[in-house]
Amino acid sequence: MKAAKWYGKKDIRVEDVPTPPAPKPGEVQIKVAWCGICGSDLHEYLAGPIFIPVEPHPLTGVKAPLILGHEFSGEVVAVGEGVTTVQVGDSVAPDACQHCGTCVTCREGRYNVCEKLAFTGLMAEGAFAELVNVPAELCYVLPIVHRT
Ligand SMILES: [Zn+2]
Ligand SMILES: [Zn+2]
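Here it is as structure tokens:
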């Protein structure tokens, strides 16, 4: 599939990459319909790496080069084992805050400041791509149908 990968400052390449594997337990695979360009994407382009890890991220294991893009919506095309909150065919807009679920702030419900926070598209593979896998628990189901 085509994807836009961040390699370094002022070095983003649109290239053919392998499609993501089948979603792991608790994950969904989304066919991306739309993805915005965030200010943080611009900052990574102009002056990165800022948030992009150059060593494997403690939550996701991902490091540069990686696929940017975290402000997106799309259609669920596959669900991993144990996923009950969304189903294939749902239109979704995922929260970007991938988190551990076990640290103090996660247990307090403040997962946006998880000590292992891994933003989709900055510390995990992102949505400047045709397909992306993310945790199902982050997906908000939308009352619309994507037309792509
Ligand atoms: Zn953003
Ligand atoms: Zn946490």
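In this note's numbering, the protein residues as written are 6 to 153.
Glycine included, every Cβ here is placed at the ideal spot set by N, Cα and C.
Fewer than three beta-carbon pairs drawn from the segment 77 to 95 and the segment 107 to 114 are found closer than 8 Å, and the two stretches are therefore not classed as touching. Residue pairing from DSSP places residue 81 in a beta bridge opposite 35. Distances from the alpha-carbon of residue 84 to those of 46, 144 and 135 put 144 closest. For ligand 1, no non-hydrogen atom lies closer than 8 Å to the CB of residue 129. Listed as beta-bridge partners of residue 71 by DSSP are 11. Under the criterion of beta carbons closer than 8 Å, residue 64 and residue 10 do not qualify as touching, at roughly 20 Å. Looking only at 15, 8, 125 and 44, the smallest Cα-Cα distance to residue 98 is reached by 125. For residue 49, the enclosing alpha helix (DSSP H) begins and ends at 44 to 52. By the C-beta density criterion, residue 72 is buried, having at least 16 other C-beta atoms within 10 angstroms. Here residue 129 carries a strand assignment [DSSP, helix/strand/coil]. When DSSP states are grouped into helix, strand and coil, residue 111 belongs to the helix group.
At a Cβ-Cβ threshold of 9 Å, residue 19 and residue 132 do not count as neighbours.
In terms of Cβ geometry, residue 82 and residue 91 do not form a close pair [threshold 9 Å].
As the crow flies, the alpha-carbon of residue 42 is around 32 Å from that of residue 87.
Pairing residue 26 with residue 6 gives a Cβ-Cβ distance that is not under 9 Å.
With contacts defined by Cβ atoms closer than 9 Å, residue 12 and residue 58 do not form a contacting pair.
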